[in-house]
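Scroll down for the structure; my scribbles are underneath it.
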Amino acid sequence: MNVCIIGAGYVGLTTAAVLAKLGHTVHCIDENEQKIAALQRGEIPIYEPRLAELFTDHQSRLFFHHDGQKHIQEADVIFICVGTPPDVKGKPDVSYVNRAIDMLIPHVNDHQTLVMKSTVPIGTNERIYERLKNEGKHVRVVSNPEFLREGSAIYDSFHPDRIVIGLRDDDDRSLSIMQTLYAGIHAPYVVTSLSGAEMIKYAANAFLATKISFINEMARLCDTYGVEVVDVAKGIGLDGRIGPHFLQAGIGYGGSCFPKDVTALIQMAYEQMVRPYMLEATKAVNDTQINWYVQKMKRTLGELAGRRIAVLGIAFKPNTDDIRESPAVLLITKLHAHGADVIAHDPKATLPHDVAVKQAKTIDEAVKKADALIVATDWDAYKQLNWEEVKRMMNGNAVIDGRNSLPREAIINAGLHYIGVGRR
Ligand code: UDX
Numbered sequence: 143m144n145v146c147i148i149g150a151g152y153v154g155l156t157t158a159a160v161l162a163k164l165g166h167t168v169h170c171i172d173e174n175e176q177k178i179a180a181l182q183r184g185e186i187p188i189y190e191p192r193l194a195e196l197f198t199d200h201q202s203r204l205f206f207h208h209d210g211q212k213h214i215q216e217a218d219v220i221f222i223c224v225g226t227p228p229d230v231k232g233k234p235d236v237s238y239v240n241r242a243i244d245m246l247i248p249h250v251n252d253h254q255t256l257v258m259k260s261t262v263p264i265g266t267n268e269r270i271y272e273r274l275k276n277e278g279k280h281v282r283v284v285s286n287p288e289f290l291r292e293g294s295a296i297y298d299s300f301h302p303d304r305i306v307i308g309l310r311d312d313d314d315r316s317l318s319i320m321q322t323l324y325a326g327i328h329a330p331y332v333v334t335s336l337s338g339a340e341m342i343k344y345a346a347n348a349f350l351a352t353k354i355s356f357i358n359e360m361a362r363l364c365d366t367y368g369v370e371v372v373d374v375a376k377g378i379g380l381d382g383r384i385g386p387h388f389l390q391a392g393i394g395y396g397g398s399c400f401p402k403d404v405t406a407l408i409q410m411a412y413e414q415m416v417r418p419y420m421l422e423a424t425k426a427v428n429d430t431q432i433n434w435y436v437q438k439m440k441r442t443l444g445e446l447a448g449r450r451i452a453v454l455g456i457a458f459k460p461n462t463d464d465i466r467e468s469p470a471v472l473l474i475t476k477l478h479a480h481g482a483d484v485i486a487h488d489p490k491a492t493l494p495h496d497v498a499v500k501q502a503k504t505i506d507e508a509v510k511k512a513d514a515l516i517v518a519t520d521w522d523a524y525k526q527l528n529w530e531e532v533k534r535m536m537n538g539n540a541v542i543d544g545r546n547s548l549p550r551e552a553i554i555n556a557g558l559h560y561i562g563v564g565r566r
């Protein structure tokens, strides 16, 4: 098929690579001229495992344009993959989506299918359909949210748990078009209304975020009772009704989706006059998790002012350079505000400019002479440290495992003091 993708961001580029690999011809359009020029030179603006390899392997079917009217007109399917960043109240700002529709309207025709991948407020796709119809464009509109995790987006695209397709009741063609487009990807289809698909996306992220906040709250309780939260997570996770995933306690969830989508759903609920008790609690636990952790550190280390603290990890999770809503950055900022002499490290991510903290080039440089070491992002490189070596380099002996992912025994055997989240 001939596919046009509007928006060469994280979702757009991943979708482009996956569809090219499935054999489709893909034209990616973005209003950012510099980004398109870089992509045309073969430079990829984001770090995502396997993306570069797919771009190289399928370059004969993958094109990037700043001005792509002709390709819009010739496309069978048009994907919208533009950002919906939160506005001041935390509601998704759909202005990029609206701009994309403005740009498309003169060029689309009745044979085409418009697929929404951007996470949009519930009701948006219905409104887009009505708008197109009022302009005399009887384009099919499909809501097809993505559930990709950064760092494993390509794997997730080829092995999704499900493919969600939202359609209008009178649309009898789009489902088979989407099945043809995704032929080769084996997953159950969930077919629902346009708004149903939008709601599924928010509900999925809100539920996963809730699981994390739940186990983080249990971790706080475990701390007071001297109970292992890791055992609790295992003990409840083996119950098939609960499931083992997203029960790793830590310094909280971050990234471009969970914080934004939980806040957005809360705002939508308020608009509908529904009090979102659960979502408020999920957000409240996450918003206070860093403070809770800093207090716990103070109890262990005493005063933080003047202490040299190495923070390993800046990205919001491993295998990405993304620092959006990163709990690690928040922790670094808080420690700095408490007067600690913080030095940060990350294999891929860079500290934002407004954080006046030194970033070390190597792990050794960060760890040397540190009074305490905190792992804030669970990169493999940190899990595999030589703890005897770490002990020799450090000034103090506190190893603080902000992700409960380090080998506790090895750390204790090296003569270091291990402090986890909700762990004895
Ligand atoms: C998430 C969803 O998983 C994905 O389906 C959706 O499309 C986008 O949002 P992503 O943000 O890439 O993906 O990362 P994910 O791996 O889900 O982690 C999100 C955050 O939760 C990270 O900060 C991570 O460290 C944290 N997390 C995750 C925990 O603290 N504990 C867990 O058990 C799992």
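Going by our numbering, the first residue of the sequence shown is number 143, and it counts up by one from there.
Note that beta-carbon positions come from the ideal geometry of N, C-alpha and C, so glycine has one too.
Backbone secondary structure at G379 - three-state DSSP: Counted from its first residue, the sequence shown places residue 379 at position 237. It is helical.
DSSP state of Y412 mapped onto helix, strand, coil: Counted from its first residue, the sequence shown places residue 412 at position 270. Here Y412 sits in helix by DSSP.
Any non-hydrogen atom of ligand 1 within 6 Å of Q409 CB: Counting from 1 along the sequence shown, the entry for residue 409 is found at position 267. No; taking the cut-off as 6 Å, the Cβ of Q409 has no heavy atom of ligand 1 nearer than that.
Buried versus exposed call for Y331 [16 or more other C-beta atoms within 10 Å across all chains shown]: Counting from one through the sequence shown, the residue named residue 331 turns up at place 189. When all chains shown are included, Y331 counts as exposed.
Paired residues, beta bridge with V168 - DSSP: Mapped onto the sequence shown, residue 168 falls at position 26. Paired residues: V145 and L204.
8 Å Cβ shell around D252 - same chain, five flanking residues per side excluded: The residue labelled residue 252 in the question sits at position 110 within the sequence shown. Result list for D252: K279, H280 and V281, in chain order.
7 Å Cβ cutoff met for L443 and A514: To locate residue 443, count along the sequence shown from 1; it is residue 301. To locate residue 514, count along the sequence shown from 1; it is residue 372. A contact, by the Cβ cut-off of 7 Å.
Any chain D beta carbon closer than 7 Å to K343: You won't find chain D in this structure, because it holds only one protein chain.
Identified DSSP bridge partners for V118: The chain is shown from 143 up to 566; residue 118 falls before or after that span and cannot be answered.
Per-residue burial, S202 [other beta carbons within 10 Å of its own, 16 or more giving buried]: Walking along the sequence shown from the start, residue 202 turns up at place 60. Under this definition S202 is an exposed residue.
Outcome for N428 when other beta-carbon atoms lying within 10 angstroms are tallied against a minimum of 16: Sequence index remark: in the sequence shown, residue 428 carries index 286 (1-based). Buried, by the Cβ-count rule.
beta-carbon G377 near ligand 1 non-hydrogen atom, thresh 6 Å: Position 235 of the sequence shown holds residue 377. It does not: the Cβ of G377 is nowhere closer than 6 Å to a heavy atom of ligand 1.
Runs of beta strand (DSSP E) wholly within the segment 275-345 (minimum 3 residues, chain order): 282-285, 305-309 and 331-335
Sheet register partners of D488 (DSSP bridge): For the purposes of this step, residue 488 is taken as residue 346 along the sequence shown, with counting starting at 1. Note: D488 sits in no beta bridge, so no partner.
Cβ-Cβ separation, I327 to A159 (assumed contact under 8 Å), whole Å: Locating residue 159 in the sequence shown gives position 17, counting from the first residue. Locating residue 327 in the sequence shown gives position 185, counting from the first residue. Taking the Cβ atoms as the reference, A159 lies roughly 13 Å from I327, outside the contact range of under 8 Å.
heavy atom of ligand 1 below 6 Å from K425 C-beta: As a working note, residue 425 is residue 283 in the sequence shown. Every heavy atom of ligand 1 is 6 Å or more from the Cβ of K425, so no.
Q421 beta carbon near ligand 1 (any heavy atom closer than 6 Å): By one-based count along the sequence shown, residue 421 stands at place 279. Note on identity: in this sequence residue 421 is Leu, with Gln being the wrong assignment. When distances are taken from the beta-carbon of L421 to the heavy atoms of ligand 1, even the shortest one reaches 6 Å or more.
Meets three-Cβ-pair contact criterion under 8 Å: the segment 332-339 and the segment 298-313: yes
Contact test: R565 Cβ vs ligand 1 heavy atom, cutoff 6 Å: Within the sequence shown, residue 565 is the residue found at index 423, counting from 1. Checking the Cβ of R565 against ligand 1 gives no.
Closest Cα partner of T198 within the set G379, L181, K231 and H487: Taking the first residue of the sequence shown as 1, we reach residue 198 at position 56. Checking every option, the nearest Cα to that of T198 belongs to L181.
Residue range of the beta strand (DSSP E) that includes Y560: Taking the sequence shown and counting its residues from 1, the one referred to as residue 560 is at position 418. H559 to I561 is the extent of the beta strand (DSSP E) around Y560.
At least three beta-carbon pairs within less than 8 Å, the segment 214-228 to the segment 176-192: no
Range of the contiguous alpha helix (DSSP H) that encloses R241: As a working note, residue 241 is residue 99 in the sequence shown. S237 to L246 is the span of the alpha helix (DSSP H), which, as asked, contains R241.
Three-state class that DSSP yields for T255 in the structure shown: Translated into the one-based positions of the sequence shown, residue 255 becomes position 113. Here T255 sits in strand by DSSP.
Whether V224 touches Y238 by CB criterion (7 Å): Taking the first residue of the sequence shown as 1, we reach residue 224 at position 82. Taking the first residue of the sequence shown as 1, we reach residue 238 at position 96. Yes, Cβ-Cβ distance for V224 and Y238 is below 7 Å.
Length of the line joining the Cα atoms of E422 and I408: Looking up residue 422 in the sequence shown gives position 280. Looking up residue 408 in the sequence shown gives position 266. The straight-line gap from Cα to Cα measures roughly 7 Å.
I357 versus H387 - alpha carbon distance: Looking up residue 357 in the sequence shown gives position 215. Looking up residue 387 in the sequence shown gives position 245. Computed Cα separation, rounded: 11 Å.
Alpha helix (DSSP H) segment containing R183, residue limits: For this step, residue 183 is matched to residue 41 along the sequence shown. Element bounds for R183: n/a, residue is neither H nor E.
Buried versus exposed call for L256 [16 or more other C-beta atoms within 10 Å across all chains shown]: For the purposes of this step, residue 256 is taken as the residue at position 114 of the sequence shown. L256 is buried by the Cβ-count criterion.
Any non-hydrogen atom of ligand 1 within 6 Å of L290 CB: Locating residue 290 in the sequence shown gives position 148, counting from the first residue. Yes - ligand 1 has a heavy atom lying nearer than 6 Å to the Cβ of L290.
Per-residue DSSP class, three states only, for V427: Position 285 of the sequence shown holds residue 427. Looking at V427 - three-state DSSP - the assignment turns out to be helix.
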